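Structure, as structure tokens:
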Amino acid sequence: MTISSEQQQIATLKRAWETAYPQSAAGGRLALSGFHYQFLSALLSSIKAWRQKRTERDTDDGPRVFAETLSDLVETEGDAIIVTQLKRSLARGDKVKGALRDLWSVHITAIKATHDLLPKLQYRIQTARGDPEMAKAAIERWKPAPSDTDADIETGELARFLGKVQAEILNDPENELLTLLANHPFRDRYPLARIRSWLGRLIAAADGGPEGYENAATEIWNDLQNLGKPEQQYPSGIYFWNTTDRPPDTVTEGQVLFGQRPRAHQLKEGFFAPREPLYTKLVESVENWALGDEEEPDPTIRLRLFWIGGRSGCGKSVALLHVLGGLHERGFAPFLFLGNRPELLPDAVRWCRNIQGLERQPLIALDDPYAPNAQENDALWDSALVELEDLRQQGNGEVLPLLVCCGPTEQAEQLQENNEEHLWLEIFELPREEPNEIRVLRGWYRARTGKEPPALEQDADVLLVQLFFEWHTGKPIPEFAKRLRERIRTNDDDKNTLGNLLSRVFSLNRLYAGYPKAAMDVRLDTGLRWLWDLLREENHIAEYDDADRQGVWISHPHLANAIFDAWYPPTKKHHHERAEHLKAALLDALAYGETPSEKTAPLWSLSRALAPNDRHPSEEGDRQKIDRISQRIDPEQTRQLLREIHAARAHGGHETMPISEFPVWIQLMAQVLALQLSPDPIDAAIRRIGDADPEEQGLRLTCHKLLQYRERFDKSRQACIVEAIIDLLRRIPEWREWAPVALDALWLRTGQTEIARLVADWIPKHVAPIRAGSLLLRALRIAPNDEALLGAAKALLTNAPASFDWGYRPAIAGAREHITRRHTGLNQTQS
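The working numbering puts the first residue of the sequence shown at 1, with every later residue one more than the last.
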């Protein structure tokens with residue numbers, strides 16, 4: 001049957017049914033006009049059908065798809081034509097009976113008027129509330145009244161009809177519709193406003209009968225056409241969670257993911273083991289946190305963030321996906337999943353503003369959103385927080401989005417430390433796997449892959465990523481490493497190009513850093529690309545462009561270290577080889593890294609590993625990682641190659657070294673006393689900030705590191721640092737990083753008065769009133785009795801907003817009086 005003839009037969013069936021059952025036909029339209037749920041369901045089905053037709057044939061049938069209303073609505077799914085009755089609730093048995101009566105009337109009309117269409121017809125009763133099992137039992141028991149059945153209907157037709165009927169629960173069609181419009185291909189900037197506009201059109205159209213619906217359908221169709229225009233869409237990359245994004249109920253044979261970043265579609269395709277009862281407990285923890293039942297109200301209206309932490313390679317990203325699926329099933333929506341792209345956070349927050357007013361709280365989910373030493377981190381979070389500042393000032397915390405993230409615990413602690421006035425974190429640490437859980441995972445792996453996981457040593461005491469890698473390859477890592485090397489040597493060129501490149505990759509991966517893709521492109525000969533591509537296809541190697549993973553990686557740093565040690569055992573025989581591969585890899589990272597963080601990531605790792613007892617408090621949660629790196633390197637050997645690399649980068653003077661490299665060299669020089677770099681990076685950094693371009697990345701972090709380690713240097717150098725920072729603040733007051741550098745500098749004993757005077761003069765000129773209080777509050781915490789700061793606070797007090805920065809709203813008058821009293825008392829003491 002062609003599409004056009006099928007549509008003609010549906011139209012014929014519709015006309016025949018309306019003629020034979022005019023009361024039911026009119027009742028369908030009246031029900032739609034009277035109930036919000038029915039209209040939303042009709043819209044959802046119609047837009048799904050429109051999208052499907054566009055996908056299948058790259059064309060559409062215009063507004064007709066919205067107007068083909070039979071019973072409550074009719075839609076096609078594959079070869080089936082589904083006629084649906086919509087009921088808000090099936091709690092009463094007569095609702096099921098009424099729906100079946102109308103569907104039966106369609107069925108017997110089709111027998112008479114469109115017999116060829118009959119095999120394709122299926123029937124559905126859709127409801128927002130009710131017990132599916134109860135509805136199923138009611139369907140099986142139902143019999144039509146004698147008046148509803150013609151005498152010439154064959155025996156057995158009722159059984160055939162009931163076999164075509166299904167009951168379906170759709171709790172929230174509005175959220176489904178929101179998600180549909182928000183995702184590809186529509187990416188609507190204002191989906192809630194559009195849905196409400198469409199509902200208004202359909203309700204108004206109800207009075208116009210079929211013609212009214214035709215006109216409304218035409219208008220909706222035109223809206224959908226316009227949504228394809230780029231100017232109507234929000235930026236790509238944000239994924240909106242839907243009801244299908246959940247793990248399957250049964251295990252089917254298929255692929256298993258390990259070492260790569262998981263994606264939403266892999267959750268519903270069954271790539272991941274259901275770790276119970278851990279995931280259920282985690283979902284319940286996030287649910288309780290989201291509802292806030294056990295928490296006191298936050299008077300500062302901070303943005304609330306739930307962080308899933310745990311040791312490296314323990315499955316945090318997969319746990320995040322299961323949490324999102326579990327929360328969605330429990331009625332939380334909408335969810336905006338950004339993956340590992342924190343740069344989308346400001347856009348996501350702006351989009352949440354467009355659904356403000358819903359009786360639900362939007363949730364934003366990120367995977368590793370705060371990578372260490374990524375110099376753009378704070379700017380992204382600041383930008384997102386600015387979007388919500390007016391809601392916080394209004395005390396409207398109920399409409400702020402919730403954030404659920406995963407990543408190393410130390411990143412959460414650093415994020416909180418840097419944004420304690422704006423973020424309220426809850427941290428959940430994933431526990432270590434118990435022996436019984438490993439046995440369950442083995443059973444799941446067997447069912448998923450059809451293969452028996454090999455019985456390898458230490459199954460109960462390895463990371464999950466390593467466990468699945470060994471199960472996947474069928475070999476312990478040392479044996480796998482040996483066979484991999486033999487395979488590469490067999491196909492490599494005379495210079496051992498690919499083997500050396502992989503050695504560089506492993507050298508950096510074992511430091512928790514990636515090898516630059518650009519370096520691989522330059523150094524890998526075209527004749528070896530096939531072997532490289534084969535290694536990628538076999539999931540041994542991957543290329544990333546994420547916030548926490550950039551460049552080329554073996555599946556996990558632990559695997560990289562194990563393979564590197566198997567190729568180059570930590571003995572005197574391989575001492576030189578290990579050092580040369582690391583040196584070459586570090587130089588490649590500095591030369592070819594695409595961002596400052598990618599260039600310097602391995603150097604930051606080494607700076608911590610060479611001074612393991614000289615940790616910043618924010619790094620305490622990363623103790624295990626730092627200790628692992630310390631055990632993997634030879635201190636003296638590493639210090640020597642760092643001297644050589646620094647000299648090569650400096651070229652006898654620091655004019656050519658980007659300022660973004662200075663922070664890590666400053667930290668190395670300050671923490672590793674035996675290093676003694678030449679030329680001295682401290683003196684060079686002081687000279688560079690004297691004429692630095694404020695737009696150059698790394699200037700703020702360079703200032704921060706000079707201030708952080710200032711007291712470790714001699715008095716003369718300390719004075720030079722203070723003078724250089726003050727000169728910088730005077731020279732470029734328009735610098736976007738001016739405030740954080742000035743606040744850092746306020747902690748200095750020497751120069752504090754001068755810096756406080758600069759801050760007091762700068763705030764009224766360069767800060768919006770809505771944010772001035774926050775900066776003054778932070779400054780006064782550092783220097784509570786500074787005359788210039790208290791004077792600025794008093795001057796701005798008259799027009800200060802009633803916000804938590806100037807004092808909590810219930811005590812705003814008292815807070816203002818307190819500041820005024822302190823300033824007055826200070827003046828009296830001085831006079």
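The beta-carbon is built from N, C-alpha and C at its ideal position, and this holds for glycine as well.
No experiment lies behind these values; they were computed from the predicted model shown.
| query | result |
| --- | --- |
| If you pair each beta-carbon of the stretch 329-338 with each one of the stretch 302-312, do three or more pairs fall below 8 Å? | no |
| According to DSSP, simplified to helix, strand and coil, what is glutamine 624? | helix |
| Quick one: using the 10 Å Cβ neighbour count with 16 as the cut-off for buried, is tryptophan 198 buried or exposed? | buried |
| With respect to the alpha helix (DSSP H) encompassing isoleucine 666, which residues constitute its N-terminal and C-terminal limits? | 662-671 |
| With a 10 Å radius around its C-beta and 16 neighbouring C-beta atoms as the bar for buried, classify serine 147 as buried or exposed. | exposed |
| Does the stretch 631-646 come close enough to the stretch 691-700 to have 3 or more Cβ pairs within less than 8 Å? | no |
| So the beta strand (DSSP E) glutamine 637 belongs to, where does it begin and stop? | Run containing glutamine 637: none in the beta strand (DSSP E); it sits in the alpha helix (DSSP H), 635-650. |
| Can you tell me whether glutamine 8 is helix, strand or coil according to DSSP? | helix |
| Of the choices Leu758, Arg712, Asp714 and Glu18, whose alpha-carbon is the least far from that of isoleucine 725? | Leu758 |
| My understanding is that lysine 705 touches glutamine 667, with C-beta atoms under 8 Å, so please give their C-beta distance in whole angstroms. | 6 Å |
| Kindly list the residues whose CB is nearer than 8 Å to the CB of threonine 750, restricted to its own chain and excluding five residues on each side of it in sequence; keep chain order. | Gln718, Ala719 and Val722 |
| Starting from glycine 551, trace the alpha helix (DSSP H) in both directions and tell me its first and last residue. | Element bounds for glycine 551: not the alpha helix (DSSP H) but the beta strand (DSSP E), 550-554. |
| With DSSP collapsed to three states, give me the class of valine 165. | strand |
| Which residue wins for smallest C-alpha separation from proline 119, given the options Thr149, Pro596 and Val83? | Val83 |
| With H, G and I counted as helix, E and B as strand and the rest as coil, what does DSSP make of arginine 124? | strand |
| Do the stretch 247-267 and the stretch 217-225 touch if we need at least three Cβ pairs shorter than 8 Å? | no |
| Quick one: any contact between the stretch 319-338 and the stretch 473-488, if contact means 3 or more CB pairs under 8 Å? | no |
| Between glutamine 411 and glutamate 417, what straight-line distance do the alpha-carbon atoms span, to the nearest angstrom? | 10 Å |
| Relative to the C-alpha of alanine 648, which residue among Ile629, Arg623 and Leu586 is closest? | Leu586 |
| Roughly how many angstroms separate the alpha carbons of valine 96 and glutamine 38, rounded to a whole number? | 16 Å |
| Quick check: the Cα distance between leucine 780 and aspartate 727, rounded to an integer number of angstroms? | 22 Å |
| Quick check on isoleucine 563: does DSSP put it in helix, strand or coil? | helix |
| Can you tell me where the alpha helix (DSSP H) with cysteine 352 in it begins and where it stops? | 345-353 |
| Excluding five sequence neighbours on each side, which residues of the same chain lie with their C-beta closer than 6 Å to the C-beta of glutamine 166? | Arg124 |
| Per DSSP, alanine 542 forms a beta bridge with which residues? | Trp553 |
| Check phenylalanine 271 in the structure and name its three-state DSSP category. | coil |
| To which residues does DSSP link valine 74 through a beta bridge? | Val83 |
| In chain order, what residues of the same chain lie with their CB nearer than 6 Å to the CB of aspartate 493, ignoring the 5 residues before and after it? | none |
| Could you round the C-beta distance between leucine 743 and arginine 771 to whole angstroms and report it? I think they count as a contact, below 8 Å. | With a Cβ gap of about 13 Å, leucine 743 and arginine 771 do not count as contacting. |
| Can you tell me which of Pro185, Thr497 and Leu508 puts its alpha carbon nearest to the alpha carbon of aspartate 525? | Thr497 |
| State buried or exposed for tryptophan 17, treating a residue as buried only when at least 16 other CB atoms are found within 10 Å of its CB. | buried |
| Might you give, ordered along the chain, the residues of its own chain that have their beta carbon closer than 7 Å to the beta carbon of alanine 67, omitting 5 neighbours on each side? | Residue placement at alanine 67 cannot be trusted, given a pLDDT of 43 that sits under 50; what the coordinates show is reported in the next sentence. Taken in chain order, the residues that qualify are Tyr213, Glu214 and Ala217. |
| Would you kindly work out how many angstroms separate the C-alpha atoms of leucine 180 and isoleucine 629, rounded to a whole number? | 46 Å |
| Can the beta-carbon of tryptophan 553 be found less than 8 Å from the beta-carbon of glycine 514? | yes |
| Could you tell me the alpha carbon to alpha carbon distance between leucine 380 and proline 342, rounded to whole angstroms? | 7 Å |
| Using the C-alpha atoms, what's the distance from lysine 281 back to arginine 446? | 25 Å |
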